[in-house]
Amino acid sequence: MNDAEIPQIVQLAAQGVAAATPYLYAGLGEAVAQRSGVYNLGVDGIMLMGAFAGFYAVSQTESLALGVLVAASVGAAMGLLMAFLSVTLRAEQG
Numbered sequence: 032m033n034d035a036e037i038p039q040i041v042q043l044a045a046q047g048v049a050a051a052t053p054y055l056y057a058g059l060g061e062a063v064a065q066r067s068g069v070y071n072l073g074v075d076g077i078m079l080m081g082a083f084a085g086f087y088a089v090s091q092t093e094s095l096a097l098g099v100l101v102a103a104s105v106g107a108a109m110g111l112l113m114a115f116l117s118v119t120l121r122a123e124q125g
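If you want this note's numbering, it's the 1-based position in the sequence shown plus 31.
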């Protein structure tokens with residue numbers, strides 16, 4: 032079965048699910064975090080910061096491995112900052 036035989040609505044739904052998968056993972060992670068009492072409403076911002084940092088690192092160094100490492104490091108640093116502010120300093124969470 033080729034693309035011409037698949038109805039457009041099915042292709043649109045499949046592309047929507049594929050595009051939303053990172054946000055679904057972020058939502059699952061936030062659901063687990065909320066069970067511990069931490070409400071991080073900036074999960075998508077943390078993801079975007081990591082994605083931007085990774086893209087910038089790849090564009091500057093042309094190293095995909097370094098880009099992934101930078102993206103993961105920035106995402107982890109932003110998550111740790113949120114955890115430090117909300118758990119240790121008891122800042123307002125939402």
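The beta carbon of each residue, even a glycine, is placed where N, CA and C say it ideally should be.
Pairwise C-alpha distance: residue 108 and residue 92: If you number the sequence shown from 1, residue 92 lands on position 61. If you number the sequence shown from 1, residue 108 lands on position 77. Each residue's alpha carbon lies about 21 Å from the other.
Nearest residue (CA-CA) to residue 98, options 73, 115, 59 and 80: Along the sequence shown, one-based indexing puts residue 98 at 67. Comparing Cα-Cα distances from residue 98 to each of 73, 115, 59 and 80, the minimum goes to 80.
Rounded distance between the beta-carbons of residue 102 and residue 76, thought under 8 Å: Position 45 of the sequence shown, counting from 1, holds the residue named residue 76. Position 71 of the sequence shown, counting from 1, holds the residue named residue 102. Not a contact, Cβ separation roughly 14 Å.
Limits of the unbroken alpha helix (DSSP H) element including residue 61: Translated into positions along the sequence shown, residue 61 becomes position 30. Start and end: 39–66.
Where the alpha helix (DSSP H) containing residue 118 begins and where it ends: Here residue 118 refers to the residue found at position 87 of the sequence shown. Premise fails: residue 118 is in no alpha helix (DSSP H) and is neither H nor E.
Whole-number beta carbon distance between residue 57 and residue 74, since they are thought to touch under 8 Å: Position 43 of the sequence shown, counted from the first residue, corresponds to residue 74. Position 26 of the sequence shown, counted from the first residue, corresponds to residue 57. Contact flag correct, Cβ pair sits at about 5 Å.
Among 100, 82, 66 and 37, nearest to residue 53 - alpha-carbon criterion: Here residue 53 refers to the residue found at position 22 when the sequence shown is read from its first residue. Of the candidates 100, 82, 66 and 37, the one whose C-alpha sits nearest the C-alpha of residue 53 is 82.
Euclidean distance between Cα positions of residue 46 and residue 36: In the sequence shown, the residue the question calls residue 46 occupies position 15. In the sequence shown, the residue the question calls residue 36 occupies position 5. One C-alpha to the other measures close to 16 Å.
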